[in-house]
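**Q** Throughout, this note's numbering is defined as the position within the sequence shown, counted from one, plus 12. Note that the Cβ used here is the ideal one computed from N, Cα and C, for glycine as well.
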Amino acid sequence: MPEQSPEVWDANLDWVEQLSPEHVSIYLLELEDSAIWSKMGIERHSDDDHSWFYSRASERFEKFGYRHYETSSWARPGAECRHNLGYWTGVPYRGLGMGAHSFIDGKRFWNVRSVPDYGRYIDEGRLPVGGTETLTPRIRMEEAYLLGLRQMDGFDVWTVAKDLGIDYPQDWFERLEELQKAELVHFDGKVLKLTPSGLLVANNVTEELLCPSLLSICEAIR
């Protein structure tokens with residue numbers, strides 16, 4: 013949280029050790045410009061501060077016996093969140109209720125948000141769908157990397173390429189090699205995953221892999 017001190021953070025981590033839950037997630041509180049705290053001028057942490065808080069938690073959770081299985085989540089062995097893992101691995105899901113989202117047969121759709129509209133659709137015997145989105149190859153590629161790299165076990169880059177019917181361009185391999193030399197990713201020839209250092213700049217690494225140059229993988233998946 014903004015203005016949170018290292019001492020308070022360590023005290024919070026002490027409570028995790030004491031309570032010993034099966035699963036722990038940590039998130040950065042992002043302040044939008046319209047938020048009250050932003051208008052009050054609350055001081056925000058720097059990127060270096062964020063890295064320290066994150067690394068400190070990861071280090072201590074490991075000592076507590078938790079497995080880091082996703083960017084923001086740690087769990088006792090066998091207690092990983094199956095609900096979230098389903099989203100990250102492309103499992104179909106059905107959302108029920110106002111504003112709920114679903115993903116079925118490669119399409120996303122979401123229900124209307126208002127109570128009157130939702131009730132009217134149901135009374136008329138219609139599905140209360142408010143909008144739909146078909147996942148293009150570009151979106152599927154982006155999500156395969158974004159969600160695949162969120163998982164500590166990484167993902168199979170060749171399975172993604174086969175599913176989308178593309179070949180990785182030469183500059184992708186060159187950029188991958190650069191990221192490996194910088195110790196930001198680990199690639200065994202099949203599975204790609206982030207290193208502890210790469211986790212701290214995950215979005216930048218993902219962007220570099222998706223679009224290493226103007227004429228690269230971005231062009232192949234339009």
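Note down, one range per segment and in chain order, each alpha helix (DSSP H) of at least 4 residues found wholly within the stretch 85-147.
**A** Runs found: 94-100, 127-135.
**Q** CA-CA distance, TYR81 and PRO33?
**A** Going from the Cα of TYR81 to the Cα of PRO33 covers about 15 Å.
**Q** Indicate whether ALA112 and TRP100 have their beta-carbon atoms separated by less than 8 Å.
**A** In this structure, TRP100 does not lie closer than 8 Å to ALA112 by Cβ.
**Q** Output the boundary residues of the beta strand (DSSP E) element that contains ARG162.
**A** Per DSSP, ARG162 belongs to no beta strand (DSSP E) and is neither H nor E.
**Q** Helix, strand or coil: which one does DSSP assign to ARG264?
**A** With the chain covering only 13 through 234, there is no way to say anything about residue 264.
**Q** Suppose you measure from the CA of TYR180 to the CA of VAL213; what does that come to, to the nearest Å?
**A** Straight-line Cα distance between these residues: approximately 23 Å.
**Q** Could you tell me the distance, in whole angstroms, from the CA atom of ASP22 to the CA atom of TYR105?
**A** Approximately 38 Å, taken between the alpha carbons.
**Q** What are the boundary residues of the beta strand (DSSP E) that includes LEU206?
**A** LEU206 -> beta strand (DSSP E) spans 203-206.
**Q** According to DSSP, is VAL213 helix, strand or coil?
**A** Looking at VAL213 - three-state DSSP - the assignment turns out to be coil, as it is neither helix nor strand.
**Q** Quick one: is VAL127 buried, meaning 16 or more other Cβ sit within 10 Å of its Cβ, or exposed?
**A** Burial call: exposed.
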